[in-house]
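Structure record follows, encoded as structure tokens.
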Amino acid sequence: MKNLFIKNFGCQMNLYDAGRIADLLGKSHDLTPVSTPETADLIIFNTCHIREKAEEKLFSELGRMRKLVGGHDAERKVIFAVGGCVGQAEGEEIFRRAPYVDLVFGPQNYHELPMMLNRLLYGEQKIHAVQATATDKFDHLPETGQTGPVASVTIQEGCNRFCTYCVVPHTRGREWSRPVADILAEISVCLAHGAFEVQLLGQNVNAYSGVDAAGVPHDLALLIRQVALLDGVGRIRFVTSHPADMNDDLVAVFSEVETLCPYMHLPIQSGSDAILQAMQRGHSVEGYREWAKKLRRAHPDMALASDFIVGFPGETDNDFQDTLNIIEEIRFDHAYSFLFSSRPGTPAALMEPRVSLDVGRRRLAILQERLNQIQRQNNQNQVGKREEVLVERPSRLGDGMMSGRTRGNRMVNFQGSPEMVGQRVQVDIVEGLPNSLKGCLVGKG
Ligand code: SAH
Ligand code: SF4
Ligand code: F3S
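The sequence shown lines up with residues 843 to 1287 when you count with our numbering.
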């Protein structure tokens, strides 16, 4: 065994996990990551269960792998493993639909991969191993191999919120916070590897409640204050936040901690109280409005991002109009919006009346068009500003263009050169597009 190919689906937490899996198997089996499955000895699909579409895509990709991994009766040449959230939720279904899969695991037990791999190498035919909660996973992972200007570090796993549409509490399990010292140690390694920005990850980081070495509980605000004290941290961000777990301290850190970026991904999902209630979000529209106001008061450049679900069971034209009203009012800087997807085992899957696909799609199109217009207007309001941009990579636009982000998390493309990756540059914003800004380089630092 030499080469490892990981195909990643889903959220930033999955991306983080894929990195840790590569660290782990690099150490245990000396596997080297490769960018195509054709030359791999071990293929891992790290999967997402959040919406039906994500799952459909996975099953079609699984089908395409059949030839490559040799069919299930053929002598095994390649080991094929499916991990992540579909692995956790639908293990049996994966073996049924793709019998050439050798191993199914979940997001909370990938630290056992070296042993599971050995079991397969010594003749075991199929392994189905999942675990409901993160308890000791992080204790069994080697030092992070993450490099690059932006480091992502998981601080919290799972979710106890049980929004009625969502599979995450079932796939990632109950909420669990990593101890403060572990998080700080991992961030320090990333900083030594050249990171400037640190992203703290979790499905609901606002519920973070880890302890330090002395056993003192820390909430997210306190953790941020500690991270800010590490030498070399230039920017701090966190995703994702639940409005019902907001607190005033978390607002205060935005005015007090200079390295904390003025950006918050605080999904509202709907502008209607009736729908928020049916979703069991645990907050009202008015409650959200208050937090948005406080956050914008705490930092003049505060950028707010949100997620939306349209076509939730029972959503009327009036409910949808309320969602359109709230986006006019809050004017989000960035947003993701989705058509409700019925997920097996969630309460919303059984709720009535259902919104027809036609109506749902129409509402989604209307919402997205308006969100985009607002986003473009917000981006146009950035024109004329001088911004610090952390350069991440050459832009997909080519032609010597480079891409990076402002402290408000806005993507900026500007004429530069590849050796700028990892540096901070000053850029004058000259154009605001729906999803990005165009800038003009003025200097470094
Ligand atoms: N933990 C995060 C979000 C996790 S999933 C949070 O609570 O903010 C990311 C987004 O996917 C959610 O915010 C929601 O908008 C969307 N989503 C989750 N389940 C969905 C479903 N069943 N159908 C449609 N969208 C869904
Ligand atoms: Fe899902 Fe709600 Fe938890 Fe977010 S807060 S992961 S939407 S259950
Ligand atoms: Fe998907 Fe699991 Fe993330 S369901 S969104 S990969 S937590």
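Quick reminder that beta carbons are idealized off the backbone N, C-alpha and C, glycines included. All values reported here derive from a predicted model rather than from experimental measurement.
Continuous beta strand (DSSP E) stretch holding residue i: start and end
i, result
"Glu-966", "That residue, Glu-966, is in no beta strand (DSSP E); it is neither H nor E in DSSP."
"Val-1231", "1228–1236"
"Pro-1274", "The identity of residue 1274 in the sequence shown is Gly, whereas the question assumes Pro. Unbroken beta strand (DSSP E) run through Gly-1274: 1266–1274."
"Leu-1137", "No beta strand (DSSP E) holds Leu-1137; the alpha helix (DSSP H) holding it covers 1127–1140."
"Val-995", "992–996"
"Val-1081", "1077–1081"
"His-1107", "1105–1107"
"Phe-947", "945–947"
"Leu-884", "884–889"
Residue i in three-state terms, based on DSSP
i, result
"Val-1040", "strand"
"Val-1058", "coil"
"Asp-859", "helix"
"Met-958", "helix"
"Asn-1255", "strand"
"Asn-1223", "coil"
"Ser-1245", "strand"
"Ala-923", "strand"
"Asn-1002", "coil"
"Gln-785", "No statement about residue 785 is possible, as the shown extent of the chain runs from 843 to 1287 and does not include it."
"His-914", "Model confidence at His-914 stands at a pLDDT of 49, short of 50, so the residue's coordinates are unreliable and nothing is read from them."
"Asn-845", "strand"
"Ser-870", "helix"
"Met-1121", "coil"
"His-802", "The structure shown does not extend to residue 802, since the chain spans only 843 to 1287, so no value can be given for it."
"Gly-1281", "strand"
"Asn-1046", "coil"
"Gly-929", "helix"
"Val-1263", "coil"
"Leu-1102", "strand"
"Pro-941", "coil"
"Gln-1215", "helix"
"Val-1069", "helix"
"Asn-950", "According to the sequence provided, residue 950 is Gln. The question's Asn does not apply to it. It is coil, neither helix nor strand."
"Gln-1111", "strand"
"Leu-1201", "Note on identity: in this sequence residue 1201 is Val, with Leu being the wrong assignment. If DSSP states are grouped into helix, strand and coil, Val-1201 belongs with the helices."
"Pro-875", "strand"
Cβ-based burial, residue i [other Cβ within 10 Å; buried from 16]
i, result
"Met-823", "A question about residue 823 goes unanswered here, because the residues of the chain that appear run from 843 up to 1287."
"Glu-967", "Reading off the sequence, residue 967 comes out as Gln, not Glu. When all chains shown are included, Gln-967 counts as exposed."
"Gly-1015", "buried"
"Gln-1217", "buried"
"Gln-950", "buried"
"Arg-1123", "buried"
"Lys-844", "exposed"
"Pro-1085", "buried"
"Asp-1164", "buried"
"Glu-999", "buried"
"Thr-986", "buried"
"Leu-1275", "exposed"
"Asn-1160", "exposed"
"Gly-1285", "exposed"
"Lys-895", "exposed"
"Arg-862", "buried"
"Tyr-964", "exposed"
"Gln-1219", "exposed"
"Leu-904", "buried"
"Leu-1199", "exposed"
"Glu-1118", "Here residue 1118 turns out to be Leu, not Glu, going by the sequence shown. Buried, by the Cβ-count rule."
Run of the alpha helix (DSSP H) containing residue i, from where it starts to where it stops
i, result
"Ser-1030", "1022–1034"
"Asp-1090", "1090–1098"
"Ser-902", "894–906"
"Glu-1194", "Note, Glu-1194: premise wrong, no alpha helix (DSSP H); not H, not E."
C-beta neighbour in chain B for residue i, strict 9 angstroms
i, result
"Asp-872", "Absence of chain B from the displayed structure is noted, only one protein chain being present."
Can you list the alpha helix (DSSP H) stretches of 4 or more residues lying completely in the segment 1143–1189, in chain order?
1159–1172
Stretch-stretch touch, CB-based, cutoff 8 angstroms, three pairs: the segment 1164–1182 with the segment 1141–1151:
yes
Looking at C-beta atoms only, is the number of pairs between the segment 872–891 and the segment 921–934 that lie closer than 8 angstroms three or more?
yes
Taking three-plus beta-carbon pairs below 8 angstroms as touching, is the segment 1108–1116 in contact with the segment 1062–1076?
no
Below 8 angstroms, can you find three or more Cβ-Cβ pairs linking the segment 1031–1044 to the segment 1077–1091?
yes
Does the count of Cβ pairs from the segment 872–879 and the segment 976–992 closer than 8 angstroms reach three?
no
Does the segment 1055–1066 come close enough to the segment 1093–1100 to have 3 or more Cβ pairs within less than 8 angstroms?
yes
Pairs of beta-carbons, one from the segment 1049–1061 and one from the segment 1019–1030, closer than 8 angstroms: are there three or more?
yes
At least three beta-carbon pairs within less than 8 angstroms, the segment 933–952 to the segment 967–979:
yes
At least 3 beta-carbon pairs within less than 8 angstroms: the segment 1128–1143 vs the segment 1191–1208:
no
Could you tell me whether the segment 1002–1015 touches the segment 1225–1238, using the rule of 3 or more Cβ pairs below 8 angstroms?
no
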